[in-house]
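Asks: Mind having a look at this structure? Questions to follow.
Protein chains: 2
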Amino acid sequence: MAGDRILLGHGSGGVLSHDLIASLFLKHFDDPVLAQADDSAVLPGDPGRLAFTTDSYVIDPIFFPGGDIGSLAVNGTVNDLSMVGAGPVAITLGLILEEGLPMDDLHRILASVKRSSEEAGVMVVGGDTKVVEHGSADKIFINTAGVGLLAEGLKISSANAKAGDVVILSGSIGDHGIAVVSMREGIDFETDIVSDTAPLNGLVASMLEVTPDIHVMRDPTRGGLATSLNEIAQKSGVGVVIQEAAIPVKPQVTQACDMLGFDPFYLANEGKLVAFVPESEAAAVLDAMRGSTYGRDAAIIGRVVEENPGMVILDTAVGGRRILSALSGELLPRIC
Amino acid sequence: MAGDRILLGHGSGGVLSHDLIASLFLKHFDDPVLAQADDSAVLPGDPGRLAFTTDSYVIDPIFFPGGDIGSLAVNGTVNDLSMVGAGPVAITLGLILEEGLPMDDLHRILASVKRSSEEAGVMVVGGDTKVVEHGSADKIFINTAGVGLLAEGLKISSANAKAGDVVILSGSIGDHGIAVVSMREGIDFETDIVSDTAPLNGLVASMLEVTPDIHVMRDPTRGGLATSLNEIAQKSGVGVVIQEAAIPVKPQVTQACDMLGFDPFYLANEGKLVAFVPESEAAAVLDAMRGSTYGRDAAIIGRVVEENPGMVILDTAVGGRRILSALSGELLPRIC
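Respectively, the protein sequence lines represent chains A and B. If you're matching positions, the first sequence starts at 1 in the working numbering and goes up one per residue. If you're matching positions, the second sequence starts at 337 in the working numbering and goes up one per residue.
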């Protein structure tokens, strides 16, 4: 990385983030568990198989249509555990507060954390609070770490996609990104768009009841679906072909994207997952997803191929074909 | 709590912090694991006994004599796990970076994280990076969460002090607080004072080799030794009598405290612990501590009594006797 200063793009979840992680975390820490770079760390050895993950939340604004920084922080960490197939057990909460933050806001956020943790069925088992001077942070930042337990026999990883796999998306994309940006910019769309922030552990449990043989699961947050698919293609050394017409996008999101110049493929989602499953299991997994609250609009969106390893190819709605690249630079700072 | 805005004192580790935790965390989350409010959460049930903790670090300046925010973040979480008797296994690293942070600083900090995690023998198994706009955070904040494993039969808790227990302190107090404040204020003392930041898991292991029957361990960080002792007295419902003359304080720290108007009892320590052990085990535990790198200057400093439950009484060096209260308000913002 050429630059000697942190840029906003380093937090984007796209190419700069990837470079930063490669040049920092993987440079300093060559532990094989970390190098897996999945959403949760799965600790080797006893006791059984424990998953352990962390995420910090710096979203602006802290309250937005459909959620707030508290629900986002719980759901995000629950989802990171779920994406390796772990059942979330417990989370911790690390708060960094700006001097002057209204106490009412803090109570409202913690009540939201409580509701979300109850919905997900995780315990909040530890907390820490730091306060910095007015102007040294922006209102509130939340870190949630989480531990979960993995059943035996699961091997879900971004590096595990195989030619022939069917790619399933759990629902519409772009809702969170548009909900936040519309609030931030003070834009009123005809129909309200709300964030999709939600815990996905129930959805994942319903999928794993069908089969333990799920190859990959990812929640396409920062960087959007395009970036997640590219990471999977690269780590698995396969090609991924996506049918644009099969991707669920709400009309209001399409309309907002047209107006604001965004591409829904790069917008953050906070309650969606993409799964890669063997063709023999795809129909049953899709059925199970559609029967689960947060998978009602699940759809098969593509296929894994041997050609073009490391690349994502989009069959466009108008009959063309193009490369769908990972996010480059920063699209929307502080989206989560 | 009357105030409706966050004050710096809410991050002090003293009375306001305690109130904030009581009115926020314990209000919103009534889980019995969280309510224990020890340094680490010990998760009930399988697998075996897992400890899980989190801490955020917002120290200013990020580099200081004897350490930096990276070593502090690793050691602090290692020590939180150690204080319940858990052997630290793995930590995660959540970074919040200010746009414009020099990349060299970040590399230096991560190299320090690596050295510290190697010394403590913990894996760094996960990370997350967020970046906020210049002016929305101050350089870098780090959250470290940690998991550890507890041997069977340990029941170390701040609520477990018993009348007759001997109070042992692992070494001198006030070093971290004075090292940071002298750097912050640009004060040069005759002899350099460096932070005591250090991992205490080796020291704790040497103590547990002597006996599993340790009643309480705490690392007196924010709020200092006085605040930790008060919390133990209150949670255990016992009185604690401390001999001021027995407390190790470095001459340079005493000198700096005199000059700056600080009391070493309230200064943060980042590599010290206080242990409450049955009298029958005290001599052997003290011996073991003195044989360990970070316990060389360990000393017996007091005793648990039935009188004055919830209070800490100081037998002063000049022959008087006074109540040693918990820290009230904010002493030094952003000391860790």
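Cβ coordinates follow ideal geometry from the N, Cα and C atoms, glycine included.
Give a yes or no on whether 8 Å exceeds the smallest Cβ distance from residue 85 of chain A to chain B.
Replies: no
Asks: Between which two residues does the beta strand (DSSP E) harbouring residue 251 of chain A extend?
Replies: No beta strand (DSSP E) contains residue 251 of chain A, which is instead part of the alpha helix (DSSP H) from 251 to 260.
Asks: Once the 5 residues before and after residue 459 of chain B are set aside, which same chain residues still bring their CB inside 6 Å of it?
Replies: Correct list, in chain order: 426.
Asks: Please go through the stretch 244 to 315 of chain A and give each complete beta strand (DSSP E) segment of 3 or more residues, from N-terminal end onward.
Replies: 274 to 277, 299 to 305 and 312 to 315
Asks: Can you tell me whether residue 45 of chain A is buried or exposed? The criterion is at least 16 other CB atoms within 10 Å of its CB, across all chains shown.
Replies: The predicted model places residue 45 of chain A with a pLDDT of 47, which falls under 50 and marks its position as unreliable, so this point remains unresolved.
Asks: Could you name the residues of the stretch 65 to 99 of chain A whose beta carbon sits closer than 8 Å to any beta carbon of chain B, in the order they occur along the chain?
Replies: 89, 90, 92, 93, 94, 95, 96, 97, 98 and 99
Asks: Put residue 45 of chain A into one of helix, strand or coil per three-state DSSP.
Replies: Below a pLDDT of 50, predicted positions are generally treated as unreliable, and residue 45 of chain A, at 47, falls in that range; the measurement from the model is reported next regardless. Three-state DSSP puts residue 45 of chain A in coil, outside helix and strand.
Asks: Does the beta carbon of residue 133 of chain A come closer than 8 Å to any beta carbon on chain B?
Replies: yes
Asks: Using a Cβ cut-off of 8 Å (strictly closer), state whether residue 477 of chain B contacts chain A.
Replies: yes
Asks: Cβ closer than 7 Å: which chain A residues qualify as neighbours of residue 629 of chain B?
Replies: The contacting residues do not exist; residue 629 of chain B stays about 24 Å from chain A at best.
Asks: Between which two residues does the beta strand (DSSP E) carrying residue 114 of chain A extend?
Replies: Taken as a continuous stretch (DSSP letters only), residue 114 of chain A belongs to no beta strand (DSSP E), being part of the alpha helix (DSSP H) at 103 to 120.
Asks: Compare the C-beta of residue 600 of chain B with all C-beta atoms of chain A and state if any pair is closer than 8 Å.
Replies: no
Asks: Could you have a look at residue 137 of chain A and say whether DSSP puts it in helix, strand or coil?
Replies: strand
Asks: Measuring alpha carbon to alpha carbon, tell me which of B:535, B:472 and B:477 ends up nearest residue 314 of chain B.
Replies: Beyond the ends of chain B as shown, which are 337 and 672, falls residue 314 of chain B; an answer cannot be given.
Asks: I'd like to confirm the pairing. Which residues does DSSP put opposite residue 321 of chain A in its beta bridges?
Replies: A:315
Asks: Considering only DSSP beta bridges, list what residue 484 of chain B is partnered with.
Replies: The partner list for residue 484 of chain B (beta bridge, DSSP) reads B:387 and B:424.
Asks: Below 7 Å CB to CB, which residues in the same chain sit around residue 281 of chain A once its five sequence neighbours on both sides are set aside?
Replies: 210, 211 and 213
Asks: Give the interface partners of residue 639 of chain B over in chain A, defined as CB-CB distance under 9 Å, in chain order.
Replies: Under the 9 Å cutoff, chain A gives no residues; its nearest Cβ is about 31 Å from residue 639 of chain B.
Asks: Quick check on residue 333 of chain A - is its C-beta less than 8 Å from some C-beta in chain B?
Replies: yes
Asks: Can you give me the C-alpha to C-alpha distance between residue 277 of chain A and residue 171 of chain A, rounded to a whole angstrom?
Replies: 16 Å
Asks: Does the CB of residue 563 of chain B have a neighbour CB from chain A at under 8 Å?
Replies: no
Asks: Which chain B residues are close to residue 137 of chain A, counting only those with a beta carbon under 9 Å from its beta carbon?
Replies: 394, 432, 468, 472, 473, 474 and 477
Asks: Does DSSP classify residue 143 of chain A as helix, strand or coil?
Replies: strand
Asks: When burial is assigned at 16 or more other CB atoms within 10 Å of the CB, is residue 260 of chain A buried or exposed?
Replies: exposed
Asks: Return no unless some Cβ of chain B is closer than 8 Å to the Cβ of residue 145 of chain A.
Replies: For residue 145 of chain A, the answer is yes, since a Cβ of chain B falls inside 8 Å of its Cβ.
Asks: Just to confirm my understanding: we take residue 59 of chain A, look at its own chain, exclude 5 residues before and 5 after, and list those with CB closer than 8 Å. What are they?
Replies: 69, 72, 180, 334, 335 and 336
Asks: Identify the continuous alpha helix (DSSP H) that holds residue 129 of chain A and give its terminal residues.
Replies: That residue, residue 129 of chain A, is in no alpha helix (DSSP H); its beta strand (DSSP E) goes 123 to 132.
Asks: Suppose you measure from the CA of residue 373 of chain B to the CA of residue 129 of chain A; what does that come to, to the nearest Å?
Replies: In this prediction, residue 373 of chain B has a pLDDT of 49, which is less than 50 and means its spatial position is unreliable; nothing more can be read from the coordinates.
Asks: Going by DSSP, which residues form a beta bridge with residue 56 of chain A?
Replies: A:143
Asks: Per DSSP, residue 403 of chain B forms a beta bridge with which residues?
Replies: B:400
Asks: Between residue 197 of chain A and chain B, is any beta-carbon pair separated by less than 8 Å?
Replies: no
Asks: Taking all protein chains shown into account, do 16 or more other C-beta atoms lie within 10 angstroms of the C-beta of residue 338 of chain A, making it buried, or fewer, making it exposed?
Replies: In this structure chain A extends from 1 to 336, so residue 338 of chain A is not present and cannot be described.
Asks: What residues are listed by DSSP as bridge partners for residue 207 of chain A?
Replies: In the DSSP output, where bridge partners are listed per residue, residue 207 of chain A has none listed.
Asks: For residue 478 of chain B and residue 415 of chain B, I'd like the C-alpha separation in whole angstroms.
Replies: Whole-angstrom Cα-Cα distance: 16 Å.
Asks: Please check if any C-beta of chain A sits within less than 8 Å of the C-beta of residue 346 of chain B.
Replies: yes
Asks: Distance, Cα to Cα, residue 19 of chain A vs residue 444 of chain B?
Replies: Distance from the CA of residue 19 of chain A to the CA of residue 444 of chain B, rounded to the nearest whole angstrom, comes to 17 Å.
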